[in-house]
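Undergrad: To convert, note that position 82 of the sequence shown is 675 in my numbering; the numbers rise steadily by one, no gaps.
Let me begin by handing over the structure; questions about it come next.
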Amino acid sequence: MVYMGIGQERATSRAGWMRKVATKRTKKVGVTGKYGTRYGASLRKTVKKMEITQHARYACPSCGKNAVKRTAVGIWKCKACAKVYAGGAYTFGTPSAATVRSTIRRLREVAEV
């Protein structure tokens, strides 16, 4: 191996060169690179947004750790405390759930006063 600079190495043999240089990642497509040029750019962009949110980790409301992952459609489980939550299909929280939470909080404040 020949060191060429920050994060760059070049192998002395051709096979090693292909292994090191051919690791370029995607610029725009990200997780939807697996679809190639199929299905159209707009559909792939929509799917990209959904796949990023469904594969992300979310903060657990119980333990506070960033360990909630999706197990099935609408089912989210915390890896740290093993609690299971119902959520959205692609995101942990849904817009309607946020509305319900704010309404409940507002009604509690009214009841306290």
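Just so it is clear, CB atoms sit at the ideal spot from N, CA and C, and this is done for glycine as well.
Under a Cβ-count criterion, where at least 16 other Cβ atoms within 10 Å of its own Cβ denotes burial, should threonine 639 be classed as buried or exposed?
TA: With fewer than 16 Cβ atoms within 10 Å of its Cβ, threonine 639 is classed as exposed.
Undergrad: Can you give me the start and stop residues for the alpha helix (DSSP H) that arginine 694 sits inside?
TA: Per DSSP, arginine 694 belongs to the alpha helix (DSSP H) from 688-705.
Undergrad: Using the beta-carbon count (16 or more within 10 Å), is arginine 637 buried or exposed?
TA: By the neighbour-count rule (16 or more Cβ atoms within 10 Å), arginine 637 is buried.
Undergrad: Quick check on the DSSP output: the alpha helix (DSSP H) that includes valine 640 runs from which residue to which?
TA: Per DSSP, valine 640 belongs to the alpha helix (DSSP H) from 634-648.
Undergrad: Can you give the beta carbon distance from lysine 641 to threonine 625, rounded, assuming they're within the 8 Å contact cut?
TA: That belief holds up - the Cβ atoms of lysine 641 and threonine 625 are roughly 5 Å apart, short of 8 Å.
Undergrad: My understanding is that glycine 680 touches tryptophan 669, with C-beta atoms under 8 Å, so please give their C-beta distance in whole angstroms.
TA: That belief holds up - the Cβ atoms of glycine 680 and tryptophan 669 are roughly 5 Å apart, short of 8 Å.
Undergrad: Looking at the secondary structure, which residues open and close the beta strand (DSSP E) in which threonine 664 lies?
TA: Unbroken beta strand (DSSP E) run through threonine 664: 661-665.
Undergrad: Quick check: what's the CA-CA separation for alanine 634 versus lysine 620?
TA: Their Cα atoms are separated by approximately 14 Å.
Undergrad: Where serine 689 and alanine 675 are concerned, what is the direct C-alpha to C-alpha distance, given to the nearest angstrom?
TA: The alpha-carbon atoms of serine 689 and alanine 675 are separated by roughly 25 Å.
Undergrad: Determine the direct distance from the alpha carbon of valine 706 to that of alanine 652, and round the result to whole angstroms.
TA: Each residue's Cα considered, the two are about 31 Å apart.
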